[in-house]
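A.B. asks:
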Amino acid sequence: MSLAGAPCPFLTTDTISWTGVRIGSYVIGFTVIVMLSAAPALVMAQDTPNPELIQGKEVIGEKIVELPVPGRKAEICVIPWLFDGASYSARDARLMEQLCTIDVRKNAAVCPKLNSTNPGLDIFAIPDDMSAQKFQDTDCKSPKSEKIAKYKLSTSCSYTPSLLGYYHVSRILGHVANVPPAVLRTYDLADHIALGHKALARAPAAALIHATWTSLMAQLTAGANASRRALLLTDDFSQSYGALVDNPGHEEFYKDFFNGGANSLARAQNFRDRNPAIAMLARSADVSTMIGRSFTAENVQKMVQLKDASELIVLDTLLNQQDRFGNIHEVPTYYYLDALDGKVKSERKLTVDEVTQRKAVKIKQMMLKDNDCGVAKTNVAKSAGLADRITHMDPETYYRLLSFDRMIDRPEVEVFFRRETLFTSADFASLRANLKQLASQLHQRCTTGRLKLDLDLDAHFSDKPLPSKSCEGSA
15 MSLAGAPCPF LTTDTISWTG VRIGSYVIGF TVIVMLSAAP ALVMAQDTPN
65 PELIQGKEVI GEKIVELPVP GRKAEICVIP WLFDGASYSA RDARLMEQLC
115 TIDVRKNAAV CPKLNSTNPG LDIFAIPDDM SAQKFQDTDC KSPKSEKIAK
165 YKLSTSCSYT PSLLGYYHVS RILGHVANVP PAVLRTYDLA DHIALGHKAL
215 ARAPAAALIH ATWTSLMAQL TAGANASRRA LLLTDDFSQS YGALVDNPGH
265 EEFYKDFFNG GANSLARAQN FRDRNPAIAM LARSADVSTM IGRSFTAENV
315 QKMVQLKDAS ELIVLDTLLN QQDRFGNIHE VPTYYYLDAL DGKVKSERKL
365 TVDEVTQRKA VKIKQMMLKD NDCGVAKTNV AKSAGLADRI THMDPETYYR
415 LLSFDRMIDR PEVEVFFRRE TLFTSADFAS LRANLKQLAS QLHQRCTTGR
465 LKLDLDLDAH FSDKPLPSKS CEGSA
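So for the sequence shown, the working numbering puts the first residue at 15; every next one is plus one.
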């Protein structure tokens with residue numbers, strides 16, 4: 015099915031506001047109470063027609079980057095349209111551009127993924143002291159190696175629309191959970207198969223990664239006869255397609271958000287029943303009675319952890335995540351009160367002098383970088399009833415969720431998800447149903463006093479009385 019010719023409602027030359035964003039001949043009401051300091055710039059389409067098709071869907075993003083393959087068809091990387099009103103950052107734009115400049119035949123090295131369970135491709139910067147080929151001959155294990163991206167596709171538990179969808183939905187909700195940018199990418203099939211042969215030669219025969227590579231290779235080598243060709247191969251069967259995801263670096267496994275368990279559901283249930291942050295998130299008392307308002311590392315960590323836990327549950331409930339627990343990371347982050355406006359700010363890197371001058375505290379911030387097993391999978395968060403534990407939320411996240419719910423039935427929203435994240439109609443219907451149910455549940459809890467919109471770091475760490483918050487998402 016081609017989406018060519020459908021109205022593209024995500025761009026405009028009109029003046030942008032956060033309430034009633036005008037988009038071409040459409041108006042999307044995306045009401046946000048907390049005004050952001052810098053609204054994302056709109057991206058403009060290129061006029062160049064794009065003939066590329068991925069299983070009947072015309073690839074149309076904001077920009078198509080071609081990456082030449084000697085003697086064969088060029089690979090493509092797609093910088094997507096942006097969802098209007100979502101909180102994309104300048105860094106997001108820069109990283110998407112950088113992802114689409116990665117060329118494993120010119121400026122990067124590639125090795126088959128041999129750890130964990132996913133038969134993806136790991137992309138590295140080429141170390142200064144060796145050639146790309148020499149580095150690849152080491153299985154990309156040089157001490158100086160720097161992984162810059164991962165290429166994953168719809169195999170094993172992975173699903174390309176999940177990787178793309180998590181990125182955009184996290185921005186729609188206000189740039190939550192540190193989800194890394196992801197772009198649509200194709201990869202030359204002959205080269206992909208060659209890397210698969212290398213993986214099978216390197217991986218132990220009894221290892222699960224050998225089994226998942228074997229399964230993927232059966233599909234890639236079958237080409238037009240592959241049973242999963244629509245999920246893995248372009249229309250002409252000359253390339254695979256998947257998501258190229260930024261590899262953030264410096265993250266570590268988040269032990270505080272893992273409570274063990276024999277399988278995905280058991281892990282979610284243990285998180286629900288045994289995790290201290292979830293226990294605090296479920297308490298009905300005002301957060302100010304549980305967490306002090308003085309700006310200390312302990313207090314900031316508790317507030318951020320509650321915010322992270324609630325937003326993890328929201329994202330995974332919306333997007334049918336099946337394999338979350340054991341795949342949560344944390345990054346060290348500095349928080350401080352800005353002397354000019356009194357707002358809480360955060361940065362990953364500060365000098366020793368800056369830490370002292372700003373009286374910054376260093377805490378753990380959650381990162382959700384492994385988001386491939388979702389959208390068309392079993393909704394473990396819903397099965398475990400994790401949303402029932404949300405008694406506190408960041409008001410901006412809550413208001414954005416309600417706004418997303420109000421606009422989800424507009425045709426242009428489905429067009430966006432079908433085009434930019436490759437959602438099927440069933441995928442979008444699932445997202446819509448999850449959103450309707452969760453927004454209704456949280457709104458009802460708010461109006462009956464069982465959900466408190468008190469995870470606002472700016473308000474909590476100010477010297478002012480805590481304001482009351484409307485449940486309706488309007489000033």
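Note that the Cβ used here is the ideal one computed from N, Cα and C, for glycine as well. Just so you know, these numbers come straight off a predicted model, no measurement behind them.
1) So, for S184: in the same chain, excluding its five sequence neighbours on each side, which residues have a beta-carbon less than 6 Å away from its beta-carbon?
2) Given this structure, state the Cα-to-Cα distance separating E361 from R288, to the nearest angstrom.
3) To which residues does DSSP link A123 through a beta bridge?
4) What are the uninterrupted segments assigned as alpha helix (DSSP H) that are 4 or more residues long and contained completely in the region 349-412, given in chain order?
5) List the endpoints of the continuous alpha helix (DSSP H) containing V183.
6) Around the C-beta of T115, are 16 or more other C-beta atoms found within 10 angstroms, so that it is buried, or is it exposed?
7) Indicate the three-state DSSP secondary structure (helix, strand or coil) for S482 in the structure shown.
8) Tell whether a beta-carbon distance below 8 Å holds between A139 and E160.
9) Which value, in whole angstroms, describes the spacing of the CA atoms of E76 and P290?
10) Whole angstroms are fine: how far does the CA of P84 sit from the CA of Q315?
11) Is the separation between the beta-carbon of L364 and that of Y349 shorter than 8 Å?
12) Report buried or exposed for H406, applying the criterion of at least 16 other Cβ atoms within 10 angstroms of its Cβ.
13) Extract the residue ranges of the alpha helix (DSSP H) inside the region 303-354, only unbroken runs of 4 or more that lie entirely within it.
14) Beta-carbon of L187 versus every beta-carbon of chain C: anything under 8 Å?
15) Measure the C-alpha to C-alpha separation of G210 and R242 and round it to an integer number of angstroms.
16) Please classify F267 as buried or exposed, where buried requires at least 16 neighbouring CB atoms within 10 angstroms.
17) According to the neighbour-count rule (16 or more other Cβ atoms, all chains shown, within 10 Å of its Cβ), is N239 buried or exposed?
18) What's the C-alpha gap between K158 and C125?
19) Who pairs with G256 in a beta bridge, going by DSSP?
20) Which stretch, first to last residue, makes up the beta strand (DSSP E) that contains V79?
21) Can you tell me the Cα-Cα spacing of G179 and E80, whole angstroms?
22) With a Cβ-Cβ cutoff of 8 Å, do R433 and L187 count as a contact?
23) In three-state DSSP terms, what is K13?
24) Can you name the residues that DSSP bridges to V92?
25) Using DSSP with H/G/I as helix, E/B as strand and the rest coil, what is P63?
26) Taking the alpha-carbon positions, what's the S170 to W227 distance?
27) Exposed or buried, which one is S256 when buried takes at least 16 other CB atoms within 10 Å?
28) What residues match up with E160 in a beta bridge as DSSP calls it?
29) Exposed or buried, which one is Q371 when buried takes at least 16 other CB atoms within 10 Å?
30) Out of E368, E325, V389, point me to the one whose CA is closest to Q336's CA.
31) Can you find at least 3 beta carbon pairs, one from the region 396-404 and one from the region 452-467, that sit closer than 8 Å?
32) When we look at the beta-carbon of L258 and count the other beta-carbons within 10 Å, is it buried (16 or more) or exposed?
33) Is DSSP giving I11 helix, strand or coil here?
34) Tell me the DSSP secondary structure of K155 in three-state form.
35) Would you mind stating whether P94 and I223 have Cβ atoms separated by less than 8 Å?
36) Who are the near neighbours of M381 in its chain, counting only those whose CB is closer than 7 Å to its CB and skipping five residues on each side?
C.D. replies: Let me lay it out:
1) Walking along the sequence shown from the start, residue 184 turns up at place 170. Non-local C-beta neighbours of S184 in its own chain, meaning closer than 6 Å and more than five positions away in sequence, comprise V190, A191, V193, ordered along the chain.
2) For the purposes of this step, residue 361 is taken as residue 347 along the sequence shown, with counting starting at 1. For the purposes of this step, residue 288 is taken as residue 274 along the sequence shown, with counting starting at 1. Straight across, the Cα-Cα distance linking E361 with R288 is about 31 Å.
3) The residue given as residue 123 occupies position 109 in the sequence shown. Looking at the DSSP assignment, A123 forms a beta bridge with F138.
4) Complete alpha helix (DSSP H) runs here, min 4: 366-372, 394-397.
5) Numbered from its first residue, the sequence shown carries residue 183 at position 169. DSSP places V183 in the uninterrupted alpha helix (DSSP H) bounded by 174-186.
6) Position 101 of the sequence shown holds residue 115. With fewer than 16 other Cβ atoms inside 10 Å of its own Cβ, T115 counts as exposed.
7) The residue labelled residue 482 in the question sits at position 468 within the sequence shown. Here S482 sits in coil by DSSP.
8) Locating residue 139 in the sequence shown gives position 125, counting from the first residue. Locating residue 160 in the sequence shown gives position 146, counting from the first residue. Yes; because the gap between Cβ atoms is below 8 Å, this pair is in contact.
9) To locate residue 76, count along the sequence shown from 1; it is residue 62. To locate residue 290, count along the sequence shown from 1; it is residue 276. Straight-line Cα distance between these residues: approximately 43 Å.
10) Locating residue 315 in the sequence shown gives position 301, counting from the first residue. Locating residue 84 in the sequence shown gives position 70, counting from the first residue. Distance between the alpha carbons of Q315 and P84: 52 Å.
11) Taking the sequence shown and counting its residues from 1, the one referred to as residue 364 is at position 350. Taking the sequence shown and counting its residues from 1, the one referred to as residue 349 is at position 335. No; because the gap between Cβ atoms is not below 8 Å, this pair is not in contact.
12) Residue numbering aside, residue 406 sits at position 392 when the sequence shown is read from its first letter. Within a 10 Å sphere around the beta-carbon of H406 sit 16 or more other beta-carbons, which makes this residue buried.
13) If we require 4 residues or more, the alpha helix (DSSP H) runs fully inside the region 303-354 come out as 311-332.
14) No chain C is part of this structure, which consists of one protein chain only.
15) What you label residue 210 is simply residue 196 of the sequence shown in a count that begins at 1. What you label residue 242 is simply residue 228 of the sequence shown in a count that begins at 1. Spanning the two alpha carbons is a distance of roughly 17 Å.
16) On the sequence shown, residue 267 is found 253 positions in, with the first residue counted as 1. So F267 counts as exposed.
17) The count along the sequence shown starts at 1 and reaches residue 239 at position 225. Label assigned to N239: exposed.
18) Start at 1 with the first residue of the sequence shown, and residue 158 comes out as number 144. Start at 1 with the first residue of the sequence shown, and residue 125 comes out as number 111. Between K158 and C125, the alpha-carbon positions lie close to 15 Å from each other.
19) Residue mapping note: residue 256 aligns to position 242 of the sequence shown, counting from 1. DSSP, once it has assigned bridges, lists R199 as partnering G256.
20) Here the question's residue 79 lines up with position 65 in the sequence shown. First-last of the beta strand (DSSP E) with V79: 77-83.
21) As a position in the sequence shown, residue 179 is number 165, starting the count at 1. As a position in the sequence shown, residue 80 is number 66, starting the count at 1. Here the C-alpha atom of G179 lies approximately 23 Å from the C-alpha atom of E80.
22) Against the sequence shown, residue 433 aligns to sequence position 419. Against the sequence shown, residue 187 aligns to sequence position 173. Going by C-beta atoms, R433 is not nearer than 8 Å to L187.
23) Look at the range of the chain in this structure, 15 to 489, and you will see that residue 13 is not part of it.
24) Within the sequence shown, residue 92 is the residue found at index 78, counting from 1. Under the DSSP definition of a beta bridge, V92 partners with I78, L198.
25) Reading the sequence shown from its first residue, position 49 is the one you call residue 63. Low confidence applies here, because P63 scores a pLDDT of 35, under 50, leaving its location unreliable; read the following figure in that light. P63 sits in coil when the DSSP states are folded into three classes, being neither helix nor strand.
26) For this step, residue 170 is matched to residue 156 along the sequence shown. For this step, residue 227 is matched to residue 213 along the sequence shown. So the two alpha carbons sit approximately 9 Å from each other.
27) Counting from 1 along the sequence shown, the entry for residue 256 is found at position 242. Note that residue 256 corresponds to Gly in the displayed sequence, not to Ser. Classification of G256: buried, given that the 10 Å Cβ count is 16 or more.
28) As a first step, residue 160 is located in the sequence shown; it is residue number 146 there, counting from the start. For E160, which the question treats as bridged, DSSP gives the partners A139.
29) Numbered from 1 along the sequence shown, position 357 holds the residue referred to as residue 371. Flag for Q371 reads exposed.
30) On the sequence shown, position 322 is the one that residue 336 refers to. The shortest C-alpha separation from Q336 is found at V389.
31) Touching, yes.
32) Start at 1 with the first residue of the sequence shown, and residue 258 comes out as number 244. Buried, because 16 or more other Cβ atoms sit within 10 Å of the Cβ of L258.
33) Residue 11 lies beyond the range of the chain shown here (15 to 489); nothing can be said about it.
34) Looking up residue 155 in the sequence shown gives position 141. In this structure, K155 counts as coil in the three-state DSSP scheme.
35) Within the sequence shown, numbered from 1, the residue matching residue 94 stands at position 80. Within the sequence shown, numbered from 1, the residue matching residue 223 stands at position 209. Contact: no.
36) What you label residue 381 is simply residue 367 of the sequence shown in a count that begins at 1. Take M381, set aside five residues on each side of it, and the residues of its chain with a beta-carbon closer than 7 Å to its own are N192, P262, E265, H343, E344, V345, in chain order.
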